[in-house]
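To start, the structure under review is shown below, and the notes come after it.
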Amino acid sequence: MNPGQDPGIRGKLVVVSGPSGVGKSTVVREVLVRVPQAWLSVSATTRPPRSGEVDGTDYFFVSAAEFDRLIAEGELLEWAQFAGNRYGTPRAPVEQRRAMGTPVVLEIEVAGARQVRQAAPDALLVFLAPPSWEVLRERLLGRGTESPEAVARRLAAAEGELAAQDEFDHVVINAEISKTVDALVGFVL
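Each residue of the sequence shown is one higher than the one before, counting from 166 in my numbering.
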């Protein structure tokens with residue numbers, strides 16, 4: 166429990182979502198620096214690690230069979246398939262942190278956010294939107310981590326995700342990182 170926290174108060178659950186390349190990871194990383202008492206849930210994924218990613222820190226990298234087991238046993242708060250890989254949020258650590266009064270942040274895709282809305286109606290859903298389609302495209306290309314085909318798939322998925330922003334409690338346009346971080350800090354606290 167956080168110092169001074171009423172033992173009857175659960176920690177907030179803030180879901181940050183938006184299209185790939187919008188800057189979710191960058192913004193969430195800065196929010197956690199500014200709100201050190203918040204906890205970022207680590208997702209499980211079937212995708213292989215990118216250069217520099219650490220198992221258990223960036224993601225829990227699991228096999229397809231292990232992911233199937235997590236689903237079958239109800240151990241995931243949400244899960245979704247994206248760009249040919251599956252991603253999911255382990256339920257137990259989220260519930261444990263919230264029970265201690267800790268604010269929990271989930272950085273997940275739109276499909277997962279919809280499931281969280283059903284599983285945890287008190288969650289606050291925040292959609293990060295790009296300032297423009299061209300900026301999103303440039304960010305994805307600028308990563309240099311994916312093939313042109315993968316970038317094209319992510320852009321195609323982004324169209325549907327952008328259309329879903331009205332399903333969220335708040336939409337924040339990520340034009341300037343510091344202002345975006347300020348907005349998210351307000352939601353987490």
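Glycine included, C-beta positions come from ideal geometry on N, C-alpha and C.
Please read all numbers here as calculations on a predicted model, not as lab measurements.
- Counting C-beta pairs with one atom in each stretch, the region 314–325 and the region 181–193 have three or more that are closer than 8 angstroms, which means they touch.
- CA-to-CA, the gap between F226 and P213 works out to about 7 angstroms.
- About 6 angstroms separates the beta carbon of I342 from that of T191, a gap short enough to meet the 8 angstroms contact definition.
- When secondary structure is reduced to three states using DSSP, A245 falls in the strand class.
- E238 sits away from I273, with the two beta carbons spaced by 9 angstroms or more.
- The Cβ neighbour count for P313, taken over all protein chains shown within 10 Å, is under 16; the residue is labelled exposed.
- Excluding its 5 nearest sequence neighbours in each direction, E218 has C-beta neighbours in its own chain below 7 angstroms: Y224, listed in chain order.
- By DSSP's assignment, N250 forms a beta bridge with F247.
- Secondary-structure assignment with DSSP links T210 through a beta bridge to F226, Y252.
- Under the criterion of beta carbons closer than 8 angstroms, G253 and A209 qualify as touching, at roughly 5 angstroms.
- By alpha-carbon distance to R308, the top candidate from S216, V198, L205, A245 is S216.
- Spanning the alpha carbons of P268 and V196 requires a straight line of approximately 12 angstroms.
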